[in-house]
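Just so we're aligned: 62 in my numbering is position 62 of the sequence shown, and the numbers increase by one with no gaps anywhere.
Don't be surprised by glycine CBs; every beta carbon is placed ideally from N, CA and C.
This structure is a prediction, so every number in the text was calculated from the model and none was measured.
What follows is a single structure, written as structure tokens, with notes after it.
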Amino acid sequence: MTHDTSLTAFLTSVIRDQTPQEVLQVGLGDFDLTLSACQTLNTLDDAAMTLLTGTRLQHAEFLKAVRQRNVDALMDVVELNWTPADEVLPDLYFQNRSVDLAIINEVGPYDQALVSLYYVDKMLASRGTLVIHNADTPVMKTLCQYLVNEREYTVQHTLGGKPDDALIPRLLRRQFHRAPGFVKNTVKTVIHPDLLRLDEDPRLQGSMVVLTGPVAEGDIDMDFDTLLESILEEERQ
1 MTHDTSLTAF LTSVIRDQTP QEVLQVGLGD FDLTLSACQT LNTLDDAAMT LLTGTRLQHA
61 EFLKAVRQRN VDALMDVVEL NWTPADEVLP DLYFQNRSVD LAIINEVGPY DQALVSLYYV
121 DKMLASRGTL VIHNADTPVM KTLCQYLVNE REYTVQHTLG GKPDDALIPR LLRRQFHRAP
181 GFVKNTVKTV IHPDLLRLDE DPRLQGSMVV LTGPVAEGDI DMDFDTLLES ILEEERQ
């Protein structure tokens, strides 16, 4: 597989701009991209990454590649864990772990992605940064849409996305979807339902999307029923 250097430049730029101290990466993803992230963190003071490789095989492959490239010093900033993300993230959360920046790679079935996102969302610091890799795949695209439309994440940067030329209509549709049921029913009698549908945000059509988390206001649970329904609908199309 050919490595996309534009992804590396994009991610390293985000890390340098944010200067995070606690970083969590879910899934090994592209090795060169992960290695570049580790190298960039190694240049920052007191920065560290918890890398959830997901399997013993990927764990071993990562260590082998690090040795082959003579970059063993990077392991000073990396804590590796081969336990599947949907099993280890609850433990990290209940240990009161907090992260400034999280990187999520596609981690397989949507149920694993849901659990990963749930706990990453809880562990992310107020106004923290969330990087979604492979954001143009069906499951990850749905996750991004959910975070922006329902969890009030904001799009910070995107690689390959398009400018949003319909900001006001999008805001109006978003307010409609948050309105009480009786308000929605009244509006639907005078406006065609298709005009009220939240279309895909063009900024979220890139291969890598960087989101800023909302300001923390207590412990707000994500609506998993809505998210799961969206993902299943995406898979049926």
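In this structure, the alpha-carbon of Glu87 lies about 12 Å from that of Thr55. Relative to the Cα of Gly128, the nearest Cα in the group Gln112, Leu24, Met140 belongs to Leu24.
Between Ala37 and the set Leu57, Met75, Glu61, the nearest pair of CA atoms involves Met75. According to the DSSP secondary-structure assignment, Ile104 is paired through a beta bridge with Val26, Ile132. For Leu159, the enclosing beta strand (DSSP E) has its first and last residue at 154-159.
In terms of CA proximity to Glu106, Asn134 leads the group Thr50, Leu57, Asn134. Check the Cα spacing between Arg97 and each of Met123, Cys144, Leu44, Glu152: the tightest is with Met123. For Thr142 and Thr50, the gap between their C-alpha atoms comes out near 25 Å. Proximity of the region 68-83 to the region 28-43 meets the contact definition, three or more beta-carbon pairs being nearer than 8 Å. Per the DSSP secondary-structure output, Met140 pairs with nothing in a beta bridge.
Taking C-beta separations shorter than 8 Å and ignoring five residues to either side along the sequence, the partners of Ala102 in its chain run Val23, Leu24, Gln25, Val26, Val120, Met123, Leu124, Gly128, Thr129, Leu130, Val131, following chain order. For Leu89, no beta strand (DSSP E) segment is defined; the enclosing uninterrupted segment is the alpha helix (DSSP H) at 85-94.
DSSP, read as helix, strand or coil, puts Leu44 in coil.
Closest in alpha carbon position to Ile15, among Gly29, Gln39, Gly213, is Gln39. Looking at the backbone, the Cα of Arg67 and that of Glu150 are separated by about 43 Å.
An exposed status is given to Pro109, since fewer than 16 other beta-carbon atoms sit within 10 Å of its beta-carbon. Ser126 and Thr212 have their alpha carbons spaced roughly 9 Å apart. Counting along the chain, Leu80 sits inside the beta strand (DSSP E) bounded by residues 78-81.
Across the set Gly160, Gln21, Ser6, the C-alpha of Gly160 shows the shortest separation from the C-alpha of Ser207.
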